[in-house]
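Numbering (my numbering), first residue to last: 372 to 610. Quick reminder that beta carbons are idealized off the backbone N, C-alpha and C, glycines included. Below: the structure, in structure tokens.
Right under this line is the structure:
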């Protein structure tokens, strides 16, 4: 779809044209699916993931502006991912106590170490003995959050590669999405605020150096930087 057509449909959708929104959703279904695919096997049905992705996409349509100077798809990706990640973080289908989560992490680490040494996973009875808890409790803890997924296991759709093979890059998919989300909110700042953030946190300049670049006082830079960071925190939390 040409960018001009996309912008026209977005404008129509923002003005209440539901058919334009439906067209955008249909034509961007592959984009939504490509994002939510990263969150499979997180104890949530694929259809539910897709619905969450659609919610994020619609939010992107509602909030997008050509003034952002980025393609809509670039803006939409972190919005889609943010909706899914927020659900997984705050509204996941299974709620467990912190103690159970901590126990699950400890057991998961034990399973990984046991598998590394012996080449096979420990039995429930073996885990029960190791941690001094009933076998039923072990099962409950493991099922509560699906923690014991081994980094040496292989996905059903890609039997040739284990998970650890896919995690060896310097930046995993979540890191890339977080970077895209951060870029989106930085781009939404006023030009002067954006320049201050880029100089301070990406060019590693001091407030005094930034003040000289912008020909203002260091006190002004300190105040402007604080306001810009507050805007970033607020915007990043909403994505």
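Let me check understanding here. Comparing Cα to Cα, which of 441, 511, 487 lies closest to residue 475?
Here residue 475 corresponds to residue number 104 of the chain shown, with the count starting at 1. Nearest option by C-alpha distance: 511.
Taking 8 Å as the threshold, find out whether the stretch 435 to 452 comes into contact with the stretch 481 to 493 through three or more Cβ pairs.
no
Beta-carbon spacing of residue 455, residue 509 below 9 Å
Against the chain shown, residue 455 aligns to sequence position 84. Against the chain shown, residue 509 aligns to sequence position 138. In this structure, residue 509 does not lie closer than 9 Å to residue 455 by Cβ.
Backbone CA spacing between residue 579 and residue 589 [nearest angstrom]:
Position 208 of the chain shown, counted from the first residue, corresponds to residue 579. Position 218 of the chain shown, counted from the first residue, corresponds to residue 589. Spanning the two alpha carbons is a distance of roughly 5 Å.
Whole angstroms are fine: how far does the CA of residue 577 sit from the CA of residue 375?
Position 4 of the chain shown, counting from 1, holds the residue named residue 375. Position 206 of the chain shown, counting from 1, holds the residue named residue 577. Spanning the two alpha carbons is a distance of roughly 41 Å.
How is residue 574 classed by DSSP in three states: helix, strand or coil?
Mapped onto the chain shown, residue 574 falls at position 203. Correct three-state label for residue 574: coil.
Please classify residue 488: is it buried, with 16 or more other beta-carbons within 10 angstroms of its beta-carbon, or exposed?
Here residue 488 refers to the residue found at position 117 when the chain shown is read from its first residue. The residue is exposed, with fewer than 16 neighbouring Cβ atoms inside 10 Å.
Within this structure, are the beta carbons of residue 384 and residue 430 separated by less than 9 Å?
Residue 384 sits at position 13 when you count from the first residue of the chain shown. Residue 430 sits at position 59 when you count from the first residue of the chain shown. Not closer than 9 Å, so no.
State whether the stretch 415 to 425 contacts the stretch 379 to 395, with contact taken as three or more CB pairs (one from each stretch) at a distance under 8 Å.
no
Along the alpha helix (DSSP H) that carries residue 426, what are the first and last residues, could you check?
By 1-based counting over the chain shown, the position of residue 426 is 55. Its alpha helix (DSSP H) spans residues 417 to 434.
Just to confirm the assignment, what range does the alpha helix (DSSP H) spanning residue 404 have?
For the purposes of this step, residue 404 is taken as the residue at position 33 of the chain shown. Note, residue 404: alpha helix (DSSP H), 400 to 407.
How would you call residue 555, buried or exposed, if buried means at least 16 neighbouring beta carbons within 10 angstroms?
Here residue 555 refers to the residue found at position 184 when the chain shown is read from its first residue. Its Cβ being crowded by 16 or more others within 10 Å, residue 555 is buried.
Please report the Cβ distance between residue 587 and residue 571, rounded to the nearest whole angstrom; I am assuming they are in contact, meaning their Cβ atoms lie under 8 Å.
Residue numbering aside, residue 587 sits at position 216 when the chain shown is read from its first letter. Residue numbering aside, residue 571 sits at position 200 when the chain shown is read from its first letter. Wrong, their Cβ atoms sit about 14 Å apart, outside the cutoff.
Can you tell me the Cα-Cα spacing of residue 458 and residue 393, whole angstroms?
One-based indexing of the chain shown puts residue 458 at position 87. One-based indexing of the chain shown puts residue 393 at position 22. Approximately 23 Å, taken between the alpha carbons.
Taking the C-alpha atoms as reference points, what is the distance between residue 566 and residue 560?
The count along the chain shown starts at 1 and reaches residue 566 at position 195. The count along the chain shown starts at 1 and reaches residue 560 at position 189. Going by the C-alpha atoms only, they are around 9 Å apart.
Ordered along the chain, which non-local residues of its own chain (more than five positions away) have a Cβ less than 7 Å from that of residue 499?
Taking the first residue of the chain shown as 1, we reach residue 499 at position 128. Answer for residue 499: 505, 506, 509, listed in chain order.
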